[in-house]
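First up is the structure itself, then whatever we jot down about it.
Numbering (this note's numbering), first residue to last: 5 to 273.
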């Protein structure tokens with residue numbers, strides 16, 4: 005309790021500018037500023053990466069209560085519903101081909117999800133754990149620095165030498181310096197871990213590139229002729245458009261005729 009009171013008095017004195025405190029050197033402060041900036045960036049990356057992973061990993065319920073990735077359930081539905089169409093139908097074949105393609109892309113997406121989790125996100129998790137350790141050590145360093153400065157101030161203010169106070173101060177100083185070295189060590193380790201972050205990010209890049217290439221490969225495997233329609237179908241659509249347009253023309257003509265008649269019989273203004 006007495007030790008805590010001493011630290012509290014030291015902390016209060018520093019806040020109001022009446023107590024001296026031990027200050028870190030410029031190199032330590034610079035590394036601390038850099039580490040704190042990395043901590044903020046890491047927190048944001050950690051949160052956004054998990055949001056992204058959750059979004060692309062989401063399982064939805066499709067036909068027959070099957071749960072899978074949205075692109076997979078969509079593909080299964082397309083393939084299943086294609087069989088309800090007449091055999092030989094161009095739409096049936098196109099729907100079936102696209103359904104199979106979506107399921108293949110879904111499998112590739114599953115591989116991407118796995119590699120993202122085991123590469124970049126896993127690296128972020130390790131960095132997050134290291135950063136939490138740094139924060140714990142920082143708090144301990146701050147506490148020990150207050151204790152050391154409080155005991156140092158007490159020795160300096162003493163009217164006569166008190167060996168026991170000197171011993172307490174030296175013991176507090178040793179603990180403070182030990183914590184300082186620990187914090188310096190973990191800050192240096194965090195700074196040096198940038199290469200590991202780059203390696204894990206490259207692994208995720210490779211996974212994303214493989215996924216994109218697989219998607220293109222699957223889609224390009226579908227023959228262009230799958231989506232061909234007969235000339236009769238095109239002509240039929242054209243005739244239906246003409247029919248729809250002509251159905252409105254009499255009304256438009258009557259409207260124009262009424263307007264003309266109104267203008268003839270209206271008195272001049």
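Beta carbons are placed, not taken as given, at the ideal position from N, Cα and C, and that holds for glycine.
Buried/exposed call for residue i, threshold 16 Cβ in 10 Å
i, result
"residue 56", "exposed"
"residue 156", "buried"
"residue 115", "exposed"
"residue 273", "A caution first: residue 273 carries a pLDDT of 43, below 50, which makes its placement in the model too unreliable to give a value."
"residue 193", "exposed"
"residue 198", "exposed"
"residue 209", "exposed"
"residue 37", "exposed"
"residue 92", "exposed"
"residue 77", "buried"
"residue 203", "exposed"
"residue 65", "exposed"
"residue 34", "exposed"
"residue 39", "buried"
"residue 118", "exposed"
"residue 319", "Coverage of the chain is limited to positions 5 through 273, which leaves residue 319 absent and any answer about it impossible."
"residue 151", "buried"
"residue 211", "buried"
"residue 185", "exposed"
"residue 213", "exposed"
"residue 215", "buried"
"residue 30", "exposed"
"residue 139", "exposed"
"residue 180", "buried"
"residue 178", "exposed"
Reduced DSSP secondary structure (H/G/I, E/B, other) of residue i
i, result
"residue 130", "helix"
"residue 189", "helix"
"residue 219", "helix"
"residue 41", "helix"
"residue 48", "helix"
"residue 4", "Past the boundaries of the shown model lies residue 4; the chain is included only from 5 to 273, so the question cannot be answered."
"residue 203", "helix"
"residue 55", "helix"
"residue 25", "coil"
"residue 235", "helix"
"residue 226", "coil"
"residue 197", "coil"
Cβ neighbours of residue i in the same chain (closer than 6 Å, five flanking residues each side left out)
i, result
"residue 183", "144, 145, 148"
"residue 219", "109"
"residue 85", "none"
"residue 41", "none"
Sequence-distant residues of the same chain with beta carbon closer than 8 Å to residue i, five excluded per side
i, result
"residue 105", "79, 222, 223, 225, 226"
"residue 232", "94"
"residue 1", "Outside the modelled stretch of the chain, which goes from 5 to 273, sits residue 1, for which no answer is possible."
"residue 83", "99, 100, 103, 104, 107"
"residue 96", "86, 87, 89, 90"
Contacts around residue i, its chain only, beta-carbon distance under 7 Å, and the 5 residues preceding and following it disregarded
i, result
"residue 142", "187"
"residue 8", "none"
"residue 137", "190"
"residue 200", "127"
"residue 75", "106, 109, 110, 113"
Inter-residue CB distance, residue i and residue j (contact presumed, cutoff 8 Å)
i, j, result
"residue 50", "residue 128", "5 Å"
"residue 61", "residue 124", "Wrong, their Cβ atoms sit about 14 Å apart, outside the cutoff."
"residue 159", "residue 170", "6 Å"
"residue 205", "residue 132", "No, residue 205 and residue 132 are not in contact; Cβ-Cβ is about 15 Å, not under 8 Å."
"residue 27", "residue 135", "Actually they are not in contact, since the Cβ atoms of residue 27 and residue 135 sit about 24 Å apart, beyond 8 Å."
"residue 63", "residue 71", "5 Å"
Unbroken beta strand (DSSP E) runs of length 3 or more, entirely within the stretch 59-147: which are they?
-> 63-65, 71-73
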